[in-house]
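For reference, the structure is listed below as structure tokens.
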């Protein structure tokens, strides 16, 4: 699969996170900064695309096909003569949209489930986590392809499928964080003051695990971006003509030898976004996770 | 004869209507896991405004008693017996979470031992004090609760209560946090205040101020107080009556004066000797109680203290019945000092 080069950068942050000691902490902070800048760049691009793009990204121009970079078309044009920069900008919008909805869905469903499982004393809590494990066993892409086959391929099915596949990650992290908070004395003190379960979950558990959850959201976002690109590439995601980085990549396939630029541009965009969210997530983790701080 | 039967016979006040100032009645409280008994037959009463100390070594069951009263026993640990709060129409043992949540923080509240961990680290302390009042609707609006919280923080003598209210727990010192804890516990003017070693984690100078505050607070509100500690000088300053606990049982009770000056149970005597820094043995070492507190479930049959006791007699293989009254008595076959049994 030609998305393989894109998954390489995603693996890169590992040494940054792995680095320990004073130097490691400095590098991790630098990672956070770089991540924030990259994510900011993608977000900014997407926002700007609402008000301005160099050309109409959907405008087909048979006289300007497969043009190289020039003053007129900064990154050239594709096989239909559409401006690559404009397509890229709109693609950023699609990517972020899918990421937000998928991660939002996973968080909204996963976090309450995890917190519930941590507080439940009945069999229901255990059942929730077992169901969660079951879902975890499903590869996200497979689930998305299945959804696409059943409900028809669209951005919506891709988002929902990626979201559902991300639920277990949130449920697990919320549960383990909540278990830690629930064993603290301030939760006991809150109970001694008359707080009941829901109040404790909302006022004590959630605020205290928010750091963990933000980190998880950031990392999940990177995964969602990659998944959306892969799905669009496979034809199970965003439908034409809506621009998407994954589909730009797929459309460039036939000209890979002729104009590799067409594959490189969306590839680099995906890599930048994924790298950005991963660095951001790891940087935040270093700041929020007390276990890493101790070492 | 069980303790309860004995009490019924011995306590002259125990007639209908005669004990209306009793706020909390603990009767035959047993706490156990599925396998191990942790507390056995704990019975005592708190009357309005009374300050009772609960003393004993670590592992004697003091904190567990406090948690059992509040209905906050950990999972897998359950209570039997009876804990009655005056005015509550249900027994606190076996009450539902809903029933208990109205008692906790409103009628009974608790000050915890560890001020560093007993406050939510991500909530401003002022808000944490407000919470209790809003929860129990003793203040009907947020501004009113805020004003009341500031007043409480001032009454526990936090310097600059307005800025303290805006602080997060990590910005306050241990002593300041414990003051906040006390303010939270007092927010709804509870009738019963349970203090679980509230000064143990503080340094000595702060301890004295804190004790004074707690004392003042309970006197002001005429609240009954159960004060858990293993610090005998602290108990002597704060409390009027004492309960001595060992092995999950109350082994001696009486006024502070009775217990501290004329201890009858060898365990109480051992505790007193161990805290007397001028008392030394032949080798010039400070007195201790030989051995250590066994783990739960490892206590000997019969008298729980007999494996560490230098007064053991043959009868100690059965648990001694309570001698004297609930307010002043002990559980020992071979007590030290004069024998009230005779």
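Protein chains in written order, with this note's numbering: chain G, 969 to 1263; chain F, 1352 to 1693. Every residue gets a Cβ at the ideal spot worked out from N, C-alpha and C, and that includes glycine. Computed from a predicted structure; not experimentally measured.
query, result
"Less than 7 Å between CB atoms is the rule here; does residue 1179 of chain G satisfy it with respect to chain F?", "no"
"For chain F, check one thing: does any of its Cβ atoms lie closer than 7 Å to the Cβ of residue 1246 of chain G?", "no"
"Report yes or no: is there a C-beta of chain F within less than 7 Å of the C-beta of residue 1159 of chain G?", "yes"
"Does DSSP put residue 1105 of chain G in a helix, a strand or coil?", "coil"
"Report the option in F:1599, F:1553, F:1568, F:1642 whose CA atom is closest to the CA atom of residue 1466 of chain F.", "F:1553"
"I need the straight-line Cα distance from residue 1599 of chain F to residue 1580 of chain F, nearest angstrom please.", "15 Å"
"Helix, strand or coil for residue 1677 of chain F per DSSP?", "coil"
"Does any residue of chain G have a CB that is nearer than 7 Å to the CB of residue 1544 of chain F?", "no"
"Starting from residue 1601 of chain F, trace the beta strand (DSSP E) in both directions and tell me its first and last residue.", "1600-1606"
"Where are the alpha helix (DSSP H) runs, 4 residues long or more, that stay fully inside the region 1480-1527 of chain F, in chain order?", "1493-1506, 1512-1517"
"Can you tell me where the beta strand (DSSP E) holding residue 1068 of chain G begins and where it ends?", "Where residue 1068 of chain G is concerned, there is no enclosing beta strand (DSSP E), although the alpha helix (DSSP H) it sits in stretches over 1052-1087."
"Hey, is the region 1128-1144 of chain G in contact with the region 1430-1450 of chain F, meaning 3+ C-beta pairs nearer than 8 Å?", "no"
"Starting from residue 1250 of chain G and walking both ways along the alpha helix (DSSP H), at which residues does that stretch end?", "1229-1256"
"Closest to residue 1559 of chain F by CA distance: which of F:1543, F:1529, F:1380 is it?", "F:1529"
"From the DSSP secondary-structure annotation, give me the bridge partner or partners of residue 1383 of chain F.", "F:1388, F:1429"
"For residue 1021 of chain G, go through chain F and note every residue whose CB falls closer than 8 Å to its CB, in chain order.", "Residues of chain F passing the Cβ test: none, with the nearest at roughly 42 Å."
"Are any of the Cβ atoms in chain G nearer than 7 Å to that of residue 1394 of chain F?", "no"
"How would you list, in chain order, the residues of chain G whose beta-carbon sits under 7 Å from the beta-carbon of residue 1461 of chain F?", "1160"
"Hey, could you find the ends of the beta strand (DSSP E) residue 1575 of chain F is sitting in?", "1575-1580"
"Give the straight-line distance between the Cα atoms of residue 1057 of chain G and residue 999 of chain G, rounded to the nearest whole angstrom.", "25 Å"
"Can you tell me which of the three DSSP states residue 1001 of chain G falls into?", "helix"
"Let me check understanding here. Comparing Cα to Cα, which of F:1601, F:1627, F:1440, F:1642 lies closest to residue 1396 of chain F?", "F:1601"
"Under three-state DSSP, which class holds residue 1150 of chain G?", "helix"
"Under 7 Å Cβ to Cβ from residue 1103 of chain G, same chain only, skipping five residues before and after it: list those, please.", "1135, 1136"
"Along the alpha helix (DSSP H) that carries residue 1216 of chain G, what are the first and last residues, could you check?", "1213-1220"
"Skipping 5 residues on each side, what residues in its chain have a beta carbon closer than 8 Å to that of residue 1493 of chain F?", "1481, 1485"
"May I have the straight-line CA-CA distance separating residue 1117 of chain G from residue 1213 of chain G, to the nearest angstrom?", "21 Å"
"Kindly identify the DSSP beta-bridge partner or partners of residue 1406 of chain F.", "F:1580, F:1595"
"Who are the Cβ neighbours of residue 1186 of chain G in its own chain at under 7 Å, not counting the five residues just before and after it?", "1245, 1248, 1249, 1252"
"Residues of chain F with a CB under 9 Å from the CB of residue 1163 of chain G: which are they?", "1452, 1455, 1456, 1482, 1483, 1486"
"Using a Cβ cut-off of 7 Å (strictly closer), state whether residue 1470 of chain F contacts chain G.", "yes"
"Straight-line CA distance for residue 1373 of chain F to residue 1399 of chain F?", "6 Å"
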